[in-house]
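Novice: Protein chains in written order, with my numbering: chain A, 115 to 755; chain B, 4 to 242. Glycine residues also receive a C-beta, built at the ideal position from the N, C-alpha and C atoms. Below is the structure I would like to discuss, written out as structure tokens.
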Amino acid sequence: MLPYIVLGLFAGAIYALASLGVVLTYRTTGFFNFAYGGEAMFLAYVFWQLRDRWHLSQWISIPLLLLVIAPILGLILEGVFRTMASRSADVQIVVALGTLAFFTSFVPIVFGGTPHPLQSIFSPTASFTVSGTIVTANQAGTIVLVVAAGALLFALLRWSRFGTATRAVVDNRDLAGLIGVNANRVGQVAWIIATMFAALAGVLLSVQENLVTYVLPFLVLYSFAPAILGRLTNLPLAFAGAIALGVINSVLQKYGSAGFVAKLEGSIPYLALFVLLVAYGKRLVEVRSSVRLITGAHVIGDNTKRYALVGGALAVIGGTVLPQTLGASTVGDLAQAMAYAVVALTVVVLTGWTGQISLAQMSFAGIGAVVAAHIAGTHGGLFPLAILVAVLISVPVSLLIGIPSLRLSGLFLALATMAFALLMDNLVFSSNSIGGGLTGLNLTAAKIGPLRFESAQSQFYLCGVALIVTAFGALWLRQGPVGRRLQMVRDAPDAAATLGASLTLTKLAVFAACAAVASIGGALLAITQGTIAPVNFDSSHSLALLLAVVLGGRSLISGAVFAGGVQLVQLLPLNANVHTYLPLGIAVSVIMVAREPEGLPRVSLQQLRYCSAVLYRRRMRELLRLRPTTARTAHAVGSNV
Amino acid sequence: MPTPLLELEGLSVSYGGMRALSDVSLVIPEGCVVALLGANGAGKTTTLRAISGLVRPDSGRIRFRGRSIERTSPHRIASMGVMHVPEGRGIFRSLTVAENLEMAEYGRGEKSDVPVVEQAVAQFPPLGNRLRQLAGTLSGGEQQMLALARAFAAKPQLLMLDEISMGLAPLVTEKLFVAIREVAATGVGMLLIEQYVDAALGLADYGYVLEKGRIVDMGDAGDLRAGDALAAAYLGAAL
């Protein structure tokens with residue numbers, strides 16, 4: 115037993131460090147840092163670059179990392195996030211997710227994508243024995259280092275003047291300002307400390323797990339469960355929770371390191387995250403939620419007919435011309451992009467229209483794809499039945515997530531769906547019998563009645579029709595009573611709540627409908643892909659989908675089409691650089707336009723108008739009128755202190 | 004005329020397009036206590052929030068000792084010696100009483116000769132045996148004592164009190180007023196918002212009457228008490 119406990123303490127210690135970092139910034143600045151894993155990974159790579167590539171002494175590279183690079187990064191991030199402080203919760207979450215995507219796409223470009231081992235910062239070979247159990251210097255050093263860092267932070271907050279000021283800011287930010295505390299400075303220090311912890315956690319974790327760009331950010335997500343255990347405010351509880359999680363996980367290994375138990379081990383942090391969110395429910399309170407009014411709610415109104423006309427005309431022209439002129443493989447890619455756009459539409463409805471951030475839409479699509487492949491399989495005959503089954507599975511699953519977590523506000527719903535998506539990755543899609551293992555699943559020539567969808571052209575028409583039907587379904591939803599309710603929920607959740615409890619039901623119904631549509635979209639994706647690799651439906655793809663929709667305009671149907679376009683670019687056989695830099699470009703643009711519900715096209719249009727106005731030397735007042743109007747309302751309604 | 008302690012000139016503030024203050028001008032001479040009177044929603048609290056930097060005015064000037072502060076951030080204004088005790092218990096509930104008091108010196112960045120805690124206990128003895136307790140667990144009156152004690156300990160040059168008596172028993176209110184009077188006697192400038200108009204005017208040298216975001220009357224505290232404009236401001240123009 116003891117070896118497992120030591121191992122658990124060691125692993126738990128690293129997550130404890132990360133939990134402290136996440137809680138610290140949330141508590142002091144109200145910003146939940148989804149990007150923490152990305153930072154940790156980036157800083158671990160920086161350390162590797164300093165010590166192992168440039169061969170700097172450890173005595174130089176560690177202080178350089180912790181005392182110079184990490185604080186600078188922390189200050190930069192604080193600066194980025196502070197500009198978002200008065201924005202609504204969904205904008206803040208999107209910016210944080212964009213930052214995560216930035217790190218995961220930036221690091222492979224700068225440092226190369228191949229995994230590297232990282233040697234311990236402690237003696238790599240030394241070890242000692244405690245009552246028969248070998249403890250390596252790395253393990254002991256890690257534990258000691260983390261406990262010391264935690265104790266130092268605790269002492270700083272508890273007993274120093276700065277600590278009292280920090281707690282005062284957490285307690286009542288406005289009042290702290292009134293008695294002379296610079297809340298921004300406090301926030302900066304919190305970010306610096308948190309980023310230093312990220313650097314430490316990243317290095318310590320990489321020693322254990324190697325430097326792998328697609329693993330490290332997700333491992334740091336383990337720390338979210340303890341952070342929630344401390345209700346994002348209690349540092350000691352978060353610390354203890356992380357250690358406990360590490361030990362439980364490790365002790366489980368004693369009872370099996372293969373098969374389902376092994377998978378369960380990797381899933382316990384996510385399971386814990388989900389269970390804790392549900393268990394705490396309304397007792398989770400968002401810091402500074404009073405200033406987070408939803409900004410820039412967009413009203414479609416009379417534009418619908420124009421949209422329908424333009425969209426319909428484009429569809430007719432595109433539908434007649436494209437399949438005839440383009441090669442079969444391009445037409446197939448187009449079909450796939452349209453199926454993707456169907457899934458993207460559910461993000462528009464959820465995020466753009468109800469202000470709920472779901473990080474699990476691709477998981478629902480994955481359910482559809484996997485079910486379609488299993489039922490329709492190689493003969494393709496039972497495809498309609500497959501769709502029915504996919505809906506019958508995804509709707510109850512969505513209710514299972516939705517019923518407990520829709521009571522939660524934006525951030526916590528995002529976390530709950532993320533936990534669900536990660537559980538799906540770990541437990542369901544990775545199972546050989548469900549997900550088909552490394553070879554994946556096959557679906558050829560799906561049949562609906564007398565129609566066979568084997569050729570690229572037929573798939574193009576199928577997906578095109580599906581996209582148009584879904585788009586009109588969404589518009590219909592939007593304009594009816596349901597849409598009005600959604601608008602209410604999005605604009606003023608509290609005011610909407612006072613008007614009746616049915617809103618929860620409306621939200622739930624929309625969530626379930628979106629899950630159903632996403633799973634149908636997934637089944638369509640399965641048809642167009644032929645071979646289904648469940649890894650294409652994992653949580654990182656849900657994230658990519660969300661970001662693409664935000665970029666295209668999360669309150670617009672065309673935002674979903676834009677996301678389909680992004681997918682198309684990734685499918686087409688273009689220059690490799692395009693594929694490498696596209697995710698980075700998306701991440702950076704998302705951070706820049708997250709505040710704008712109509713996304714990049716709208717911002718570009720504004721910039722264009724601005725430029726033309728400058729060129730034509732319009733009067734200054736006219737220039738000012740072209741500025742986004744959403745910015746002003748955010749600060750407008752302040753509560754009394 | 005010497006530079007006044009605080010001077011508002013044509014101050015206008017709005018919340019999301021809604022005008023809360025229009026063209027408010029007001030002067031607090033050194034060492035004077037000024038009462039700000041008016042019905043609910045007249046703009047009293049907004050005036051205080053504008054002075055302490057919590058809301059940015061659309062137009063107009065705020066000068067503290069001749070220095071423009073309408074674009075200065077709240078913590079800077081506080082460090083200059085403007086202490087605003089906001090409406091509804093201006094304390095940090097999750098900090099202990101002692102920590103709350105120690106925060107008084109944070110903005111000033113210097114220690115006073117008599118430790119703040121000792122000073123506060125001398126002023127408000129009930130706080131003495133509650134120093135290690137979380138401030139949120141105090142009774143309403145004690146919380147307000149704590150807020151006042153901290154404000155006094157910060158040694159402000161201008162003290163702004165917003166409805167300090169709200170929700171308190173008359174006896175407790177009286178005690179607080181005694182303390183406020185003592186501090187006023189030391190020459191600290193004050194701007195008061197108070198539901199007990201008589202008590203406020205009894206303490207004040209001057210009063211300003213706000214109605215729908217505009218100053219409708221001002222004058223000597225005694226004159227105001229006698230005049231009609233005050234009642235009109237509270238009860239509507241019919242009187």
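Would a check of beta-carbon distances place Met169 (chain B) closer than 8 Å to chain A?
Specialist: Position 166 of the second sequence holds residue 169 (chain B). No - not a single Cβ of chain A is within 8 Å of the one on Met169 (chain B).
Novice: Determine the burial state of Thr694 (chain A): buried for a count of at least 16 other Cβ atoms within 10 Å of its Cβ, exposed for fewer.
Specialist: Within the first sequence, residue 694 (chain A) is the residue found at index 580, counting from 1. Thr694 (chain A) comes out exposed.
Novice: Looking at Ala352 (chain A): is its Cβ nearer than 8 Å to the Cβ of Leu134 (chain A)?
Specialist: The sequence position of residue 352 (chain A) within the first sequence is 238, counting from 1. The sequence position of residue 134 (chain A) within the first sequence is 20, counting from 1. In this structure, Leu134 (chain A) lies closer than 8 Å to Ala352 (chain A) by Cβ.
Novice: Of all Cβ atoms in chain B, is any one closer than 8 Å to the Cβ of Leu289 (chain A)?
Specialist: Locating residue 289 (chain A) in the first sequence gives position 175, where the first residue counts as 1. Cβ-Cβ to chain B under 8 Å: yes for Leu289 (chain A).
Novice: In the stretch 61-102 of chain B, which residue ranges form an unbroken alpha helix (DSSP H) of at least 4 residues, counting only runs that do not cross its ends?
Specialist: Correct list: 77-82.
Novice: Please confirm if Ser15 (chain B) has its CB atom under 8 Å from at least one CB of chain A.
Specialist: Here residue 15 (chain B) is taken as the residue at index 12 of the second sequence, counted from 1. It does not; no Cβ of chain A falls within 8 Å.
Novice: Strictly under 8 Å for the Cβ-Cβ distance: is Ala149 (chain A) near chain B by that measure?
Specialist: Numbered from its first residue, the first sequence carries residue 149 (chain A) at position 35. Judged by the 8 Å Cβ criterion, Ala149 (chain A) is not in contact with chain B.
Novice: Is there a Cβ of chain A sitting closer than 8 Å to that of Phe95 (chain B), yes or no?
Specialist: On the second sequence, position 92 is the one that residue 95 (chain B) refers to. Yes, Phe95 (chain B) lies at the interface with chain A (some Cβ there is under 8 Å from its Cβ).
Novice: Between the alpha carbons of Val224 (chain A) and Phe156 (chain A), how many angstroms are there, rounded?
Specialist: Stepping through the first sequence from its first residue, residue 224 (chain A) is reached at position 110. Stepping through the first sequence from its first residue, residue 156 (chain A) is reached at position 42. Roughly 10 Å between the two C-alpha positions.
Novice: Should the stretch 574-584 of chain A be regarded as contacting the stretch 648-659 of chain A, the criterion being three or more beta carbon pairs within less than 8 Å?
Specialist: Cβ pair count under 8 Å is below three, so no.
Novice: Given Trp162 (chain A), which residues of its chain have a CB within under 8 Å of its CB, disregarding the five upstream and five downstream residues?
Specialist: Here residue 162 (chain A) corresponds to residue number 48 of the first sequence, with the count starting at 1. Closer than 8 Å at Cβ, skipping near neighbours: Phe225, His230, Leu232, Ser320, Leu325.
Novice: Just to make sure I have the definition right: I need the residues of chain A whose C-beta is within less than 7 Å of the C-beta of Glu105 (chain B). Which are they?
Specialist: Counting from one through the second sequence, the residue named residue 105 (chain B) turns up at place 102. Simply Thr278.
Novice: Name the DSSP beta bridge partners of Asp26 (chain B), please?
Specialist: Walking along the second sequence from the start, residue 26 (chain B) turns up at place 23. Asp26 (chain B) is not bridged to any residue.
Novice: In or out: Ile207 (chain A) buried (at least 16 other Cβ within 10 Å) or exposed?
Specialist: The sequence position of residue 207 (chain A) within the first sequence is 93, counting from 1. Ile207 (chain A) is buried by the Cβ-count criterion.
Novice: Given a threshold of 16 other Cβ atoms within 10 Å of its Cβ, counted over all protein chains shown, does Asp416 (chain A) qualify as buried or as exposed?
Specialist: Numbered from 1 along the first sequence, position 302 holds the residue referred to as residue 416 (chain A). Since pLDDT at Asp416 (chain A) reaches only 48, below the 50 mark, its modelled position is unreliable, and the value read off the structure follows with that caveat. Asp416 (chain A) should be labelled exposed.
Novice: Would Ala528 (chain A) and Ile471 (chain A) be called neighbours here (beta carbons separated by less than 8 Å)?
Specialist: Looking up residue 528 (chain A) in the first sequence gives position 414. Looking up residue 471 (chain A) in the first sequence gives position 357. Yes, Cβ-Cβ distance for Ala528 (chain A) and Ile471 (chain A) is below 8 Å.
Novice: Can you tell me whether Asp116 (chain B) is buried or exposed? The criterion is at least 16 other CB atoms within 10 Å of its CB, across all chains shown.
Specialist: Reading the second sequence from its first residue, position 113 is the one you call residue 116 (chain B). That one is exposed.
Novice: Compile a chain-ordered list of the residues in the stretch 293-306 of chain A whose CB is closer than 9 Å to at least one CB of chain B.
Specialist: Taking 9 Å as the Cβ-Cβ cut-off against chain B, the residues of the stretch 293-306 of chain A that qualify are Ile293, Gly294, Val295, Asn296, Ala297, Asn298, Arg299.
Novice: Taking contact to mean 3 or more Cβ pairs, one atom from each stretch, closer than 8 Å, check whether the stretch 477-492 of chain A and the stretch 530-546 of chain A are in contact.
Specialist: Output reads yes: the stretch 530-546 of chain A touches the stretch 477-492 of chain A.
Novice: Could you tell me the distance, in whole angstroms, from the CA atom of Glu166 (chain B) to the CA atom of Leu9 (chain B)?
Specialist: Along the second sequence, one-based indexing puts residue 166 (chain B) at 163. Along the second sequence, one-based indexing puts residue 9 (chain B) at 6. In a straight line, the C-alpha of Glu166 (chain B) is about 20 Å away from that of Leu9 (chain B).
Novice: Count the other CB atoms, across all protein chains shown, that sit within 10 Å of the CB of Trp305 (chain A); report buried if there are 16 or more and exposed otherwise.
Specialist: What you label residue 305 (chain A) is simply residue 191 of the first sequence in a count that begins at 1. Result: buried.
Novice: Counting only C-beta atoms, is Asn348 (chain A) closer than 8 Å to chain B at any point?
Specialist: Within the first sequence, numbered from 1, the residue matching residue 348 (chain A) stands at position 234. False, the Cβ-Cβ gap to chain B never drops below 8 Å.
Novice: Relative to the alpha-carbon of Ile357 (chain A), which residue among A:Ile257, A:Asp447, A:Arg165 has its alpha-carbon at the smallest distance?
Specialist: Counted from its first residue, the first sequence places residue 357 (chain A) at position 243. The shortest Cα separation from Ile357 (chain A) among A:Ile257, A:Asp447, A:Arg165 belongs to A:Ile257.
Novice: Roughly how many angstroms lie between the CA atoms of Ala500 (chain A) and Tyr454 (chain A), to the nearest whole one?
Specialist: As a first step, residue 500 (chain A) must be located in the first sequence, where it is residue number 386. As a first step, residue 454 (chain A) must be located in the first sequence, where it is residue number 340. Answer to the nearest angstrom: the Cα atoms are 18 Å apart.
Novice: Between the alpha carbons of Leu343 (chain A) and Gln302 (chain A), how many angstroms are there, rounded?
Specialist: The count along the first sequence starts at 1 and reaches residue 343 (chain A) at position 229. The count along the first sequence starts at 1 and reaches residue 302 (chain A) at position 188. Cα-Cα distance, rounded: 25 Å.
Novice: What residues of chain B sit near Asn691 (chain A), judged by a beta carbon separation below 8 Å?
Specialist: Residue numbering aside, residue 691 (chain A) sits at position 577 when the first sequence is read from its first letter. The premise fails here: Asn691 (chain A) is roughly 45 Å from chain B at the closest Cβ pair, so nothing lies under 8 Å.
Novice: Could you run through the stretch 114-145 of chain B and flag, in chain order, every residue whose CB is less than 8 Å away from some CB of chain A?
Specialist: Under the 8 Å Cβ criterion, the stretch 114-145 of chain B contributes no residue.
Novice: Can you tell me where the alpha helix (DSSP H) holding Thr460 (chain A) begins and where it ends?
Specialist: Here residue 460 (chain A) refers to the residue found at position 346 of the first sequence. Run containing Thr460 (chain A): 442-461, per the alpha helix (DSSP H) assignment.
Novice: Residues in its own chain within less than 6 Å of Val334 (chain A) by CB, not counting five upstream and five downstream?
Specialist: Here residue 334 (chain A) refers to the residue found at position 220 of the first sequence. Once the five neighbours on either side are set aside, the close Cβ partners of Val334 (chain A) are Ala132, Tyr150, Gly151, Ala154.
Novice: Are the Cβ atoms of Ala570 (chain A) and Val445 (chain A) separated by less than 8 Å?
Specialist: Counting from one through the first sequence, the residue named residue 570 (chain A) turns up at place 456. Counting from one through the first sequence, the residue named residue 445 (chain A) turns up at place 331. Closer than 8 Å, so yes.
Novice: Return the CA-CA distance between Ser17 (chain B) and Leu137 (chain B), expressed in angstroms with no decimal places.
Specialist: Along the second sequence, one-based indexing puts residue 17 (chain B) at 14. Along the second sequence, one-based indexing puts residue 137 (chain B) at 134. The straight-line gap from Cα to Cα measures roughly 36 Å.
Novice: Counting along the chain, where does the alpha helix (DSSP H) carrying Asp201 (chain B) start and finish?
Specialist: By 1-based counting over the second sequence, the position of residue 201 (chain B) is 198. Segment 200-206, the alpha helix (DSSP H) holding Asp201 (chain B).
Novice: Leaving out five residues before and five after Leu179 (chain A) in sequence, what residues of the same chain have Cβ atoms less than 8 Å from its Cβ?
Specialist: Position 65 of the first sequence, counting from 1, holds the residue named residue 179 (chain A). Once the five neighbours on either side are set aside, the close Cβ partners of Leu179 (chain A) are Leu157, Val160, Phe161, Leu164, Ala313, Val317.
Novice: Could you tell me the alpha carbon to alpha carbon distance between Arg217 (chain B) and Gly46 (chain B), rounded to whole angstroms?
Specialist: Along the second sequence, read from residue 1 onward, the residue named residue 217 (chain B) stands at position 214. Along the second sequence, read from residue 1 onward, the residue named residue 46 (chain B) stands at position 43. Using only the alpha carbons, I get a separation of about 8 Å.
Novice: Quick check on DSSP: helix, strand or coil for Phe567 (chain A)?
Specialist: On the first sequence, position 453 is the one that residue 567 (chain A) refers to. Correct three-state label for Phe567 (chain A): strand.
Novice: In the DSSP assignment, find the unbroken alpha helix (DSSP H) run with Met310 (chain A) in it and report its ends.
Specialist: For the purposes of this step, residue 310 (chain A) is taken as the residue at position 196 of the first sequence. Residues 297-323.
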